[in-house]
Structure formats: C-alpha cells, structure tokens
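Structure record follows, encoded as structure tokens.
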Amino acid sequence: MSKMKMTFAALLTASLIGCAASPVAVSKDVAVNATVCCNTYGEFSWVPMQGDEIDFVVDEYSQVGQFPDGKSYFAAFALPENVERMRVTLNSWMKSEGVFAPKVLLLDPNFQPVKSIELDEFKVAPSKLFSLNSYQHRFTMEQATTPYLVVYSPRDYRQDSITIPHPERLRAEELGLARPMVTDPVIEHQRFGSLTLELKALNMRAYRVGETQPSRGTTQVKPASQPAAVPVTAGAPMLAESEAFYNRQIKAAVAQNDIQKALKLMEEAKRAGSTTAEATFIELMQK
-8 MSKMKMTFAA
2 LLTASLIGCA
12 ASPVAVSKDV
22 AVNATVCCNT
32 YGEFSWVPMQ
42 GDEIDFVVDE
52 YSQVGQFPDG
62 KSYFAAFALP
72 ENVERMRVTL
82 NSWMKSEGVF
92 APKVLLLDPN
102 FQPVKSIELD
112 EFKVAPSKLF
122 SLNSYQHRFT
132 MEQATTPYLV
142 VYSPRDYRQD
152 SITIPHPERL
162 RAEELGLARP
172 MVTDPVIEHQ
182 RFGSLTLELK
192 ALNMRAYRVG
202 ETQPSRGTTQ
212 VKPASQPAAV
222 PVTAGAPMLA
232 ESEAFYNRQI
242 KAAVAQNDIQ
252 KALKLMEEAK
262 RAGSTTAEAT
272 FIELMQK
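Each residue of the sequence shown is one higher than the last, beginning at -8 in my numbering.
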C-alpha cells in the first residue's frame, strides 16, 4: 500500500470511529431492571440464521433473561433446518457510546447449554476502511449438538471497558513516523450495542424429493412475550415466530409514536421474507 493510500485509510478509520478518538463523557448504566421474558431457554424467541449476514441490535426492546451470571438483555438465534453445520463469526462493534461485551451460549437440541464462549476468548479486530473495531470470535455450530445460539452480556462485563489504539498512532506506525501525542480512546462496556453475525453454511442437510425434511426433535419453541429486536437480512420465507415478532415490534413502535422505527422494522421484515409486516404497518397508520 502506498503512503497516500495508507494515509487515506487512517483518515477514514478516524472518521468511522468519530468521537471515540477523543475522551467523551459516557453515561453508564449497567443495571437491567426489565422483567425477565422466560423461565427456561426453550421459551426464548429464536431468529433463524438465514442468509450470509445478520445485523442486529441489543437494546431496550430485546428479550431479558436470567442467566447463571446475572440478568441481561440478549439475542437468540437458531440454525435453519436445512443446515447441518454452520461457521459463525460474531462481531460486536465498538462505537463512541460504548460496546456490548458479548458472552455466547451454545445450546443442544433440548435447549441445554453445552458450551460457553467468554469475553477473553474474543479477539479485538482492528478497524478497516468501512468497519469499526470490534470484539470478534469465530466458531462452528452443528445441528446435532449445538443448534441454538444466545448472545448476552453479564453484569461483570458491563462494568468494564476497553482501550483501543488511536488511529493517528496506527497511521504513524504504518508510515514509520514518530509516535504522536494522542490518547488512546476508552470504549465503555454497555448494556446495549450493535452486532453482526457472518454466516457460512459448511454442510447442508440432504433429503429425497417427497420426504419430509429432517427436524431437530419434537420439542417446540414457544414464542416469548418480549421478543428481541433483531433485524435479519435474509430472503427466504419467514417463520411464523419471526412474523409474530416483527408485527409485535411494529405495533409497539407505533404505540410509542416512533413511526421511523416502525417503518424501519417493516422494511427489515420485508427483506427477511415477511408477508404480513407491511399490511400491519399500513393498518396501524390508518387508525
């Protein structure tokens, strides 16, 4: 890379992290006072892991669970029935207002935890031209052993923070210049955040024409009363649980007079394969 290109990349990186390059006052509240959605993992609302990438947020509309290490907002995902093995890369993006410090639970077909991925197993992925710094970890899910994924943040994580290199210091190192007098930004761990799942199916489940597709068991997933706000970027037909989730979230946004959020949810649902979200939105607007 030429010096001009490296300079451009560093400047663009600095613009992407925005205020994170300078000390900012962060209002930090690690408490979770919302009502727990479910008594068991099997009662969580699950979003199917379809497409190549899922961008989602954990926010005040997300499900709340009582985990062994405390109460937390969370997001929950399930392997689609036609995928045997999936490689998953989880990124939790570091923004000026903070980052969601993730812990991952992988559950078996009976919704029992079989593996946890702690924060210290995540690496800090540096920012690129069009992406921020992130907590990143790659792992594999299997239909037979770990078809369910839960992402949450324990209270101990939320009380902490992380210091990342200042983009000007990185630029100086790339160009072989003297280290500038800058302060590395501190990113606070927060209750909420923006995350991405990058998905790559490794093995598909085969079946003969006319045969019923294999299922992961007889246990049914029950929709929770407070589903997670998880925008999904997938083109396949949407499951009934996901249809209900989006419609409830659209209604909640309209009830709070947040039309922009309702419109955004409708568009996300349509991209994910919803056939009812638009009609729900229009009906609410006509009342």
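All residues carry an ideal CB built from backbone N, CA and C; glycine is no exception. Keep in mind it's a predicted model, so treat the numbers as computed, not measured.
Between the beta-carbon of residue i and the beta-carbon of residue j, is there less than 8 angstroms?
i, j, result
"P93", "L70", "no"
"F183", "D50", "yes"
"L230", "I241", "no"
"V48", "A25", "no"
"I178", "S152", "yes"
"S36", "A67", "yes"
"F113", "V79", "no"
"Q181", "V95", "no"
Span of the alpha helix (DSSP H) holding residue i?
i, result
"Q277", "268 to 277"
"D20", "No alpha helix (DSSP H) contains D20, which DSSP labels as neither H nor E."
"R196", "Note, R196: premise wrong, no alpha helix (DSSP H); not H, not E."
"Y148", "146 to 149"
Could you pull the start and end residues of the beta strand (DSSP E) that residue i belongs to?
i, result
"Q251", "Run containing Q251: none in the beta strand (DSSP E); it sits in the alpha helix (DSSP H), 250 to 262."
"D46", "44 to 49"
"Q76", "A small correction: the amino acid at residue 76 is Arg; Gln does not occupy that position in the sequence shown. Counting along the chain, the beta strand (DSSP E) containing R76 begins and ends at 74 to 84."
"L110", "No beta strand (DSSP E) contains L110, which DSSP labels as neither H nor E."
"G33", "Per DSSP, G33 belongs to no beta strand (DSSP E) and is neither H nor E."
"L97", "94 to 98"
Which value, in whole angstroms, describes the spacing of the CA atoms of residue i and residue j?
i, j, result
"Q41", "L190", "8 angstroms"
"G208", "R196", "At G208 the pLDDT is 43, less than 50, meaning the model places this residue with poor confidence; the figure from the coordinates comes in the next sentence. The straight-line gap from Cα to Cα measures roughly 15 angstroms."
"K62", "E165", "43 angstroms"
"A192", "N238", "29 angstroms"
"S265", "V38", "13 angstroms"
"V221", "R162", "Only weak support is given to the placement of V221: the predicted model assigns it a pLDDT of 42, under 50, and the value that follows is read from those uncertain coordinates. Cα to Cα, V221 sits roughly 35 angstroms from R162."
"P156", "T187", "22 angstroms"
"V27", "E75", "32 angstroms"
"N194", "E72", "12 angstroms"
"F102", "R146", "23 angstroms"
"V23", "Y64", "7 angstroms"
"S53", "L168", "46 angstroms"
"F339", "L120", "As shown, the chain starts at -8 and ends at 278. That puts residue 339 outside it, with no answer to give."
"A215", "L140", "At A215, the pLDDT of 38 sits below 50, so the modelled position is not reliable and the matter cannot be decided from this model."
"A253", "A243", "8 angstroms"
"C29", "S118", "37 angstroms"
"E258", "E34", "27 angstroms"
"E234", "T154", "40 angstroms"
"S185", "V173", "27 angstroms"
Below 8 angstroms on the Cβ atoms is my contact criterion, and I expect residue i with residue j to pass it. Report the Cβ-Cβ distance as a whole number of Å.
i, j, result
"M77", "N124", "With 8 angstroms as the limit, M77 and N124 do not qualify as a contact, their Cβ atoms being about 25 angstroms apart."
"R170", "R160", "6 angstroms"
"A260", "A270", "Rounded, the Cβ-Cβ distance is 11 angstroms, inconsistent with contact."
"D175", "T137", "Rounded, the Cβ-Cβ distance is 37 angstroms, inconsistent with contact."
Have a look at the options and flag the residue whose alpha-carbon is nearest the alpha-carbon of residue i.
i, options, result
"S87", "L81, P145, K19", "K19"
"A135", "L97, D46, N24, N248", "L97"
"L81", "A243, I153, L120, Q127", "Q127"
"V142", "T154, Y32, V173", "Y32"
"E274", "A263, F121, Q251, V245", "V245"
"V115", "I250, Q277, S83, S233", "S83"
May I ask whether a heavy atom of the ligand GTP can be found less than 7 angstroms away from the beta carbon of residue i?
i, result
"Q240", "You won't find the ligand GTP in this model; it holds no ligand whatsoever."
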